[in-house]
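All residue numbers for the sequence shown refer to the working numbering, where the first residue is 404 and numbers rise by one.
Ideal Cβ positions, reconstructed from N, Cα and C, are used throughout, including at glycine.
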Amino acid sequence: MCGIAGIFAYRESAPPVDEQELLRIREHMIKRGPDGAGLWVSSDRRVGLAHRRLAIIDLSETGAQPMATADANFRITFNGEIYNYRELRRELESKGYAFRSTSDTEVLLHLYANRGVDMVHALRGMYAFAIWDQRRKGVFVARDPFGIKPLYYADDGSTIRVASQVKALLKGGAIDTAPEPAGHVGFFLWGHVPEPYTLYRGIRSLEAGTSLWIGTGGEKEKRRFFSVSEEIATASATRLSVTREEMHERLRAALRDSVHHHMIADVPVGLFLSAGLDSSTLTALATETENTDLRTITLGFREFRG
404 MCGIAGIFAY
414 RESAPPVDEQ
424 ELLRIREHMI
434 KRGPDGAGLW
444 VSSDRRVGLA
454 HRRLAIIDLS
464 ETGAQPMATA
474 DANFRITFNG
484 EIYNYRELRR
494 ELESKGYAFR
504 STSDTEVLLH
514 LYANRGVDMV
524 HALRGMYAFA
534 IWDQRRKGVF
544 VARDPFGIKP
554 LYYADDGSTI
564 RVASQVKALL
574 KGGAIDTAPE
584 PAGHVGFFLW
594 GHVPEPYTLY
604 RGIRSLEAGT
614 SLWIGTGGEK
624 EKRRFFSVSE
634 EIATASATRL
644 SVTREEMHER
654 LRAALRDSVH
664 HHMIADVPVG
674 LFLSAGLDSS
684 TLTALATETE
694 NTDLRTITLG
704 FREFRG
């Protein structure tokens, strides 16, 4: 869990990036990233990126963010983990890309350099990121298919601000804080604020499985690259001629594969035991992986002691 932030003054009429505003946004997410902090503002002060780091992969300074390619054409601030980054790295190395770290962050940078905005189709993981493209003069932001990692943005028509938390954007001080009726109604009806709304008119949530490109001059392109509802509808309309035993084996293989990829880390991996079937199953599968340093945690309450 890291904290990311960015400001892009995409119209010439917009005031330059306020570094102090960006710092206020970043530092209001310190609990999301206690292991380090970074900040970058372009020389023309039209764009700035910030990061609060929780180190999971590549604990060294080479994994610090915001991170840039060697030619400084691309810069990124990233929250999350890419589970297939090792496979993607091997593919990129075969195409001539050179790496200076062992982080999944650098894989994202080179993948964008190689595939552009279509990079999201190759990713397996939970993520929210913002990439500054010096060549095209724009910012590309994206959120993972299931919306595991949060990403909020505020666009006033000349400047866009992004961050991992609503309260961080508010701390920056340049946001329209008028109430958003749709957000409040949704909360009272369903107990949560439906995407893309928040409780504030000036802030929106980037929907799960969605990317957004913002170019200099106001060019914008929002794309939905994954929809859970569409995937379920497609699957339900597909008939499979397999036995129950084959279905069980497919499910078992999928669970094993998912747990295996989630165990990739340069720090100890923990698992919460709730005494239910889910956590027990995950723990059993986790013990089959190469990572044997599994730490389990459970909660006990005095009133339930015999």
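Task: CB contact flag (A571, M432, <8 Å) - done: For the pair A571 and M432, the CB atoms are nearer than the 8 Å cut-off.
Task: Cβ contact check for the stretch 435–449 and the stretch 623–633: 3 or more pairs under 8 Å - done: no
TODO: Decide if the stretch 405–423 is in contact with the stretch 556–573; the criterion is three or more beta carbon pairs, one per stretch, under 8 Å apart.
DONE: yes
Task: Cβ neighbour criterion (16 or more within 10 Å) applied to W593 - done: exposed
Task: For W443, the residue or residues it bridges with in DSSP - done: L452
- [ ] Give the DSSP-derived three-state secondary structure of E622 in the structure shown.
- [x] coil
TODO: Would you list the residues sitting across from I606 in a DSSP beta bridge?
DONE: Assignment of beta-bridge partners to I606 by DSSP yields no partner.
Task: F477 - partner residues in DSSP beta bridges - done: D536
TODO: Can you check DSSP and say which residues form a bridge with W616?
DONE: F543 and E624
Open item on the list: Less than 6 Å between C-beta atoms, sequence neighbours within five positions excluded: which residues of the same chain meet that for A453?
Closed with: A408, L425, R429 and L442
Open item on the list: Which residue marks the beginning of the beta strand (DSSP E) containing G409, and which one marks its end?
Closed with: Per DSSP, G409 belongs to the beta strand (DSSP E) from G406 to A412.
Open item on the list: Going by C-alpha to C-alpha distance, which of I667, T686 and Y600 sits closest to Y488?
Closed with: I667
TODO: Could you tell me which residues DSSP pairs with M650 in its beta bridges?
DONE: For M650, which the question treats as bridged, DSSP gives no partner whatsoever.
- [ ] Rank P584, A516 and V520 by C-alpha distance to the C-alpha of F498 and give the top, closest one.
- [x] According to the sequence shown, residue 498 is Lys rather than Phe. Nearest of P584, A516 and V520 to K498, Cα basis: A516.
Task: For L674, the first and last residue of its enclosing beta strand (DSSP E) - done: V672 to F675
Open item on the list: Is the separation between the beta-carbon of F481 and that of Q537 shorter than 8 Å?
Closed with: no
Task: Where S683 falls, given that 16 or more other Cβ within 10 Å makes a residue buried - done: Burial call: exposed.
- [ ] Can you grab the Cα-Cα spacing for the pair R653 / Q468, in whole Å?
- [x] 39 Å
Open item on the list: I'd like to know if the stretch 532–547 and the stretch 507–515 are in contact, where contact means that at least 3 CB-CB pairs between them fall below 8 Å.
Closed with: yes
TODO: Label K434 either buried or exposed according to how many other C-beta atoms from any shown protein chain fall within 10 Å of its C-beta, with 16 as the threshold for buried.
DONE: Classification of K434: exposed, given that the 10 Å Cβ count is below 16.
- [ ] Using alpha carbons as the reference points, say which of L676, E693, L688 and A687 lies closest to T699.
- [x] L676
- [ ] Spatial neighbours of E583 within its chain, please: CB distance less than 7 Å, with the 5 preceding and 5 following residues excluded, ordered by chain position.
- [x] Y600, T601, L602, Y603 and R604
Open item on the list: Taking the alpha-carbon of D521 as reference, which of H595, V662 and L615 has the nearest alpha-carbon?
Closed with: L615
Open item on the list: I'd like the list of long-range same chain contacts for D660, defined as Cβ closer than 6 Å, with 5 residues on each side in sequence excluded.
Closed with: none
Open item on the list: Counting C-beta neighbours from all protein chains within 10 Å, is the total for T646 16 or more, i.e. buried, or is it exposed?
Closed with: The residue is exposed, with fewer than 16 neighbouring Cβ atoms inside 10 Å.
Task: N- and C-terminal bounds of the beta strand (DSSP E) containing T699 - done: Taken as a continuous stretch (DSSP letters only), the beta strand (DSSP E) holding T699 covers L697 to I700.
Task: Inter-residue Cα distance where the pair is E633 and K552 - done: Each residue's Cα considered, the two are about 21 Å apart.
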